[in-house]
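J.:
Protein chains in written order, with the numbering used here: chain S, 1 to 200; chain H, 1001 to 1200.
1. Hey, is the segment 1117 to 1124 of chain H in contact with the segment 1174 to 1185 of chain H, meaning 3+ C-beta pairs nearer than 8 angstroms?
2. Indicate whether residue 87 of chain S and residue 159 of chain S have their beta-carbon atoms separated by less than 8 angstroms.
3. Please confirm whether residue 8 of chain S and residue 177 of chain S have their CB atoms less than 8 angstroms apart.
4. Under 8 angstroms between C-beta atoms, does residue 185 of chain S make it to chain H?
5. With 8 angstroms set as the bound, which would you pick, yes or no: does the beta-carbon of residue 1178 of chain H sit closer than that to a beta-carbon of chain S?
6. Between H:1024, H:1033 and H:1157, which has its C-alpha nearest residue 1200 of chain H's C-alpha?
7. Quick one: complete beta strand (DSSP E) runs, 3+ long, within the segment 1108 to 1167 of chain H?
8. Exposed or buried, what is residue 148 of chain S when buried is set at 16 or more other beta-carbons lying within 10 Å of its beta-carbon?
9. Could you check where the beta strand (DSSP E) with residue 9 of chain S kicks off and where it finishes?
10. Give me the Cα-Cα distance between residue 1156 of chain H and residue 29 of chain S, rounded to the nearest whole angstrom.
11. Could you give the DSSP three-state label for residue 1030 of chain H: helix, strand or coil?
12. Any beta carbon from chain H within less than 8 angstroms of residue 198 of chain S's own beta carbon?
13. Assign residue 1031 of chain H to one of two classes, buried (16 or more other C-beta atoms within 10 Å of its C-beta) or exposed (fewer than that).
14. Expressed to the nearest angstrom, what Euclidean distance is found between the alpha-carbon atoms of residue 1102 of chain H and residue 1115 of chain H?
15. Going by DSSP in three states, residue 1022 of chain H sits in which element: helix, strand or coil?
16. Would you mind working out which of H:1002, H:1001 and H:1006 sits nearest residue 1172 of chain H, comparing C-alpha positions?
17. Of all the CB atoms in chain A, is at least one closer than 8 angstroms to the CB of residue 115 of chain S?
18. Am I right that residue 1129 of chain H and residue 1013 of chain H are in contact with their C-beta atoms under 8 angstroms? What's the rounded C-beta distance?
19. What residue from S:78, S:104 and S:154 has the CA that sits closest to residue 208 of chain S's CA?
20. Does the beta carbon of residue 1194 of chain H sit closer than 8 angstroms to a beta carbon anywhere in chain S?
21. Is DSSP giving residue 1179 of chain H helix, strand or coil here?
22. In the DSSP assignment, find the alpha helix (DSSP H) that holds residue 989 of chain H and state where it starts and stops.
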């Protein structure tokens, strides 16, 4: 059975960079947005749409009238969201079957549970996450610290809802991970090199 | 500045054994119950008493009348509990000043914050903790799984209250730790050897 490392991460914690560098250090495959591209190819939906629906729980995406009246639009939308999740799960299983890999996000810890993945969750204090986001924003993306905080909280809230909808587990609750890593004030490159030593 | 590793742990998670083995692997000092012995020596209180009062938040130890009527017994008891904490803090700082070490429990992560300790929290699923406790109980200590679960929950509740009373932080909340390690179904000896590689 291939060795799978899954990375859940708070927005701005450097979790994606951590996962990418960890895979580099270990010379194994790394999957993150590649999965969206593949889902888009197979479902004929746009990458933007897939990105949007894989960060929100399904019933936030269609009107409250669903279930109370016949609403074809909403039915269609719900069906699409479900097929994105199904396609994403299929792709993840194919990749896990192929070789060792690191997968960031996408409920991979849950979807690939039969592979008994090593489940990592990456987090950091809010101030550190704001700083990290500010450093990587372009001039056009610049926000005040207050707006950045709100935006981080929004993304986390969406991720938590999406994760809990599909897995029935609580996103970020240490019970569902093998290791939780605090990246506050730490250099992600060093941290990844450090953890790669554990995983070799 | 000496390198300090502090270990918080859920009861039955194997956290104490993890700390002891980690210290062995790293050839550094290990402190746990040794601290109680030293506090006892300095305060002239019994080790049993100190063990009891360092696992419960102070106001659970004296009657509700305190503060409403003059109660010398309770005053005395409160004073003793506070001096045990003060003495324990003093000892921890002396030890941290002396050499690198691993300290298990005792709010060491908070008391030694000026040393910027590496703060580890060790936890496990309840079923795994019950199994671990059953394995290490003697014939006289044997409990049913149901009673063992209750007893584990009681110890954790006391630790949480003690920790939060003195630190103002939430015990076991990953925010207050650098690394959280899930020991469910894992061999503690292997896990400690593995983590020692990180810490070297």
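The C-beta atom is built at its ideal place from N, Cα and C for all residues, glycine as well. Predicted model, so just to flag it, every value in this text is computed and none were measured.
T.: Answer, in terms of the structure:
1. Yes: the two stretches touch, three or more of their Cβ pairs being nearer than 8 angstroms.
2. Cβ distance not < 8 angstroms, so residue 87 of chain S and residue 159 of chain S don't count as in contact.
3. Yes.
4. Look at residue 185 of chain S: its C-beta is not under 8 angstroms from any C-beta on chain H.
5. At a cut-off of 8 angstroms between C-beta atoms, residue 1178 of chain H counts as an interface residue with respect to chain S.
6. Shortest Cα-Cα distance from residue 1200 of chain H to any of H:1024, H:1033 and H:1157 involves H:1024.
7. Listed in chain order, the complete beta strand (DSSP E) runs (minimum 3 residues) inside the segment 1108 to 1167 of chain H are 1118 to 1123.
8. Residue 148 of chain S should be labelled buried.
9. Secondary structure note for residue 9 of chain S: its beta strand (DSSP E) is the uninterrupted segment 4 to 9.
10. So the alpha carbons of these two residues sit roughly 40 angstroms apart.
11. Strand.
12. Yes - at least one Cβ of chain H is within 8 angstroms of the one on residue 198 of chain S.
13. Classification of residue 1031 of chain H: buried, given that the 10 Å Cβ count is 16 or more.
14. Between the alpha carbons of residue 1102 of chain H and residue 1115 of chain H lies a distance of about 13 angstroms.
15. Residue 1022 of chain H falls in the helix class under three-state DSSP.
16. When C-alpha distances from residue 1172 of chain H are compared across H:1002, H:1001 and H:1006, the shortest belongs to H:1006.
17. In summary, chain A is missing from the structure at hand, where the protein chains are S and H.
18. Right, their Cβ atoms sit about 6 angstroms apart.
19. Examination of residue 208 of chain S is not possible in this model, given that chain S is present from 1 through 200 alone.
20. By this cut-off, residue 1194 of chain H is an interface position.
21. Of the three classes helix, strand and coil, the one that applies to residue 1179 of chain H here is strand, per DSSP.
22. Any answer about residue 989 of chain H is impossible in this case: the structure gives chain H only from 1001 up to 1200.
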